[in-house]
Amino acid sequence: MNRPVELVGVPMDLGADRRGVDMGPSAIRYGGLADQLEGIGLACRDGGDLTVPRPEGLDPDASGQLGGKAKYLEETQTVCRRLADRVRSIREEGNFPLILGGDHSIAIGTGNGCSHDGETGVLWFDAHGDINTPATTPSGNIHGMPVAALLGRGPFDGQSWAHAPGIPASNVVQIGIRTLDDGEKTALRETDVTVYTMTDIDERGITEIVNEAVDIATHGVDKLYVSLDMDFLDPDEAPGVGTPVRGGASYREAHAAMELLYEKAADEMSALDVVEVNPILDEHNRTAELACELAASALGDRVL
Ligand SMILES: [Mn+2]
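The sequence shown begins at 0 in numbering that gives the first Met the number 0 and counts up by one.
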């Protein structure tokens with residue numbers, strides 16, 4: 000990859016119940032991300048943080064709920080629009096957007112910023128399916144909805160800030176999934192989204208899975224957006240995440256996945272976001288440091 004990297008922090012926690020992921024961008028910067036990227040020869044510019052409304056004094060239910068539950072809908076919409084514009088302009092300048100979350104609702108912005116100029120595949124590393132809609136969500140938290148939003152499912156259909164027509168469901172591939180709500184199981188059966196669960200990784204190994212996943216995600220398209228929710232990893236490795244789930248990817252599996260991704264799809268990669276780092280739940284910033292390492296691996300860092 001020979002494009003300069005531009006970092007953008009999105010200190011967003013309106014999409015999650017547990018506070019703290021708004022501090023993710025700072026923790027990842029403290030983890031040394033820019034130095035690591037420069038260490039592998041990438042020019043790196045820090046574009047600062049997007050402005051995100053604070054939840055204090057806001058009514059989560061104020062802005063209409065898209066026919067169901069969607070907390071802080073209006074604020075989330077504003078932030079995602081802002082992020083989509085930013086991602087788009089970074090890409091138009093020929094640079095690579097590396098987005099630091101924040102909760103996973105921000106992927107609605109990154110995804111839209113990547114797909115306005117032609118079809119894009121998506122690789123979604125996560126413990127969760129993130130494909131609830133306001134109609135199926137048990138919690139109303141939008142960080143459980145970004146895949147549904149990008150695909151324009153249910154009440155997201157016709158919502159221009161959410162639905163990204165440039166992302167075909169058949170080019171969306173999820174890896175590491177280990178917990179799904181009932182509504183999400185139905186949704187995933189109805190769509191062409193490909194899901195690799197942790198069981199698939201156990202049985203076939205991360206290398207084979209990522210190889211296949213990249214082929215599916217980039218089939219017939221020339222761009223790939225990669226979204227890394229740090230809860231893809233096991234909480235033993237990444238305790239500081241918004242919604243930890245046991246039984247996740249190991250340290251080596253996560254690195255192998257990122258390394259292979261770079262090997263196979265460095266030219267196609269059009270944006271990367273690293274989300275759901277929660278410094279309040281972390282141990283001495285190790286989850287944020289791991290986020291830096293994995294981002295560097297995805298952008299070409301190698302042992303030798
Ligand atoms: Mn997620």
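Glycine is no exception: its CB is placed at the ideal position from the N, C-alpha and C atoms.
Between Met-229 and Val-172, the CB-CB gap reaches or exceeds 8 Å. Pro-234 and Pro-243 have their C-alpha atoms roughly 6 Å apart. Residue environment analysis places Arg-53 among the exposed positions, since fewer than 16 neighbouring C-beta atoms fall within 10 angstroms of its C-beta. For Thr-75, the closest C-alpha among the options Gln-35, Tyr-195, Ala-294 and Ala-15 is that of Ala-15. With a threshold of 16 other beta carbon atoms within 10 Å, Pro-164 falls short and is exposed. If you compare the alpha carbons of His-127, Val-121 and Pro-3 with that of Gly-247, the shortest gap goes to His-127. Between the alpha carbons of Leu-150 and Gly-112 lies a distance of about 14 Å.
Thr-198 has its alpha-carbon roughly 25 Å from the corresponding atom of Ala-106. Around the beta carbon of Thr-196, a 10 Å sphere encloses 16 or more other beta carbons of the protein chains shown; the residue is thus reported as buried.
Between Phe-124 and Leu-227, the CB-CB gap stays under 8 Å. Per the coordinates, the alpha-carbon of Ala-161 lies some 36 Å from the alpha-carbon of Arg-301.
Under the three-state reduction of DSSP, His-283 is assigned to coil, being neither helix nor strand. Contiguous beta strand (DSSP E) elements confined to the stretch 132-178 occur at 171-176, taking only those with 3 or more residues.
Collapsing the DSSP output to three states places Thr-190 in coil. Going by DSSP, Gly-30 is part of no beta strand (DSSP E) at all; its letter is neither H nor E. Checking the 7 Å criterion, the Cβ of His-103 is within range of a heavy atom belonging to ligand 1. CA-to-CA, the gap between Arg-2 and Leu-41 works out to about 7 Å.
Assignment of Ile-98 by DSSP, reduced to helix, strand and coil, places it in the strand class.
Judged by DSSP in its simplified three-state form, Glu-91 adopts helix. For the stretch 211-267, the continuous beta strand (DSSP E) assignments of 3+ residues that do not extend past its boundaries occur at 223-228, in sequence order. In the DSSP assignment, no residue is bridged to Gly-112.
Remark: the shortest separation between the CB of Glu-252 and any heavy atom of ligand 1 does not fall under 7 Å. When secondary structure is reduced to three states using DSSP, Thr-185 falls in the helix class. Note that the C-beta distance between Asp-102 and Val-51 is not below 8 Å. Counting along the chain, the unbroken beta strand (DSSP E) around Asp-48 starts and ends at 43-48. In the DSSP assignment, His-127 is bridged to Thr-178.
In the structure shown, Ser-62 adopts coil according to DSSP, grouped into three states. Looking at the DSSP output, Gly-67 shares a beta bridge with no other residue. For Glu-275, the distance from the CB to the nearest heavy atom of ligand 1 is below 7 Å.
For the set Thr-178, Ile-98 and Ala-69, the Cα lying nearest the Cα of Arg-81 is the one of Ile-98. Looking only at Tyr-224, Ile-130 and Lys-222, the smallest Cα-Cα distance to Thr-185 is reached by Ile-130. Here DSSP, grouped into helix, strand and coil, assigns Leu-298 to coil. Secondary structure note for Glu-202: its alpha helix (DSSP H) is the uninterrupted segment 197-203.
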